[in-house]
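First comes the structure, then the notes that go with it.
Residue numbers (my numbering): 54 to 352.
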């Protein structure tokens, strides 16, 4: 029995005494460790892929709003590559400017004066130049016009439109998407403003209302929306002030003036400051006299 119990121990010892035994044990241990590490790494990769899929699916719902925000954050640029080498041949006609500035902003053509709805930009050396998109947007109109010198219109968000006139060699078509700074044409000439020479007529419009481009250069596009809202607010306030007297009149719209006169006359009578020569007093006296005569005739 003792010999049988010692036999297994002696076999293990004999195996361990062999040269390849320790190497085999090390290799087997290393294989187990590598296999465990590989399995752990795969589990981490799968979880990371799931997170990426979830974030990608979530991001799909926000594609459109992110584009709008980025567009509003664009800074309005001059429609040229080297703005520091340009001159403005004719400024925007500002109704609040002084008389001299307004006179300089008039365009004379065919014995008529027209208010300049944008700015006319030329290079200092008078040479032609590439006309660049001031803001990213969609081309909504391309029109050949000898009088205006051809026209490109680019639509943006919230009713904002940029217009480029007096251009040639047009590089875009209706429906094209243009990026800010992209060359869309070359500067040219127009019959309506020949004295400007080679130039581009640049306009910014909001809901078809021309705005002064100089007020928005190097400002965010959202400033255009803010400026128009303030302008509309001022118009609404002034309109409300003008309509206030009408609202205070009588319900009979066609008799507002007589009602006002009678009210004034009644106020004067109540205050005891009636003027002897006032027309309402005479009218009321005549009415009372005629009433007494008619009563006498009836009697």
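C-beta atoms are modelled at their ideal positions from N, C-alpha and C, and glycine is treated no differently.
Model, not experiment: these values are computed from the prediction.
Item: Could you give the distance in angstroms between the alpha-carbon of residue 218 and the alpha-carbon of residue 177?; Value: 19 Å
Item: What number of angstroms, rounded off, separates the C-alpha of residue 226 from the C-alpha of residue 94?; Value: 53 Å
Item: By the 10 Å Cβ neighbour count, where 16 or more other Cβ atoms means buried, how is residue 317 classified, buried or exposed?; Value: Model confidence at residue 317 stands at a pLDDT of 43, short of 50, so the residue's coordinates are unreliable and nothing is read from them.
Item: Tell me where the beta strand (DSSP E) around residue 153 begins and ends.; Value: Per DSSP, residue 153 belongs to no beta strand (DSSP E); it is in the alpha helix (DSSP H), 152-157.
Item: Using the Cβ count rule (16 or more neighbours within 10 Å means buried), how would you classify residue 206?; Value: buried
Item: Can you tell which of 280, 251, 245 and 268 has the C-alpha that lies nearest to the C-alpha of residue 161?; Value: 245
Item: Suppose contacts are defined by Cβ-Cβ distances below 7 Å. Is residue 174 in contact with residue 139 by that definition?; Value: yes
Item: Buried or exposed for residue 232, please, with buried defined as at least 16 other CB atoms from any protein chain shown within 10 angstroms of its CB.; Value: exposed
Item: In the DSSP assignment, what residue or residues form a beta bridge with residue 141?; Value: 174
Item: DSSP state of residue 166, grouped into three classes?; Value: strand
Item: For residue 190, report the span of its beta strand (DSSP E) as first-last.; Value: 190-196
Item: Is it true that the CB of residue 235 sits closer than 7 Å to the CB of residue 186?; Value: yes
Item: Which residues in the same chain have their Cβ closer than 7 Å to the Cβ of residue 198, if we skip the five residues on either side of it in sequence?; Value: 204
Item: Taking residue 237 as part of the beta strand (DSSP E), name the residues at either end of that continuous run.; Value: 236-240
Item: Is the CB-CB distance between residue 179 and residue 250 below 7 Å?; Value: yes
Item: Residue 182 and residue 243: beta carbons closer than 7 Å?; Value: no
Item: Of all the options 270, 143 and 152, which has the alpha carbon lying nearest to the alpha carbon of residue 158?; Value: 143
Item: Would you call the CB atoms of residue 260 and residue 212 closer than 7 Å?; Value: yes
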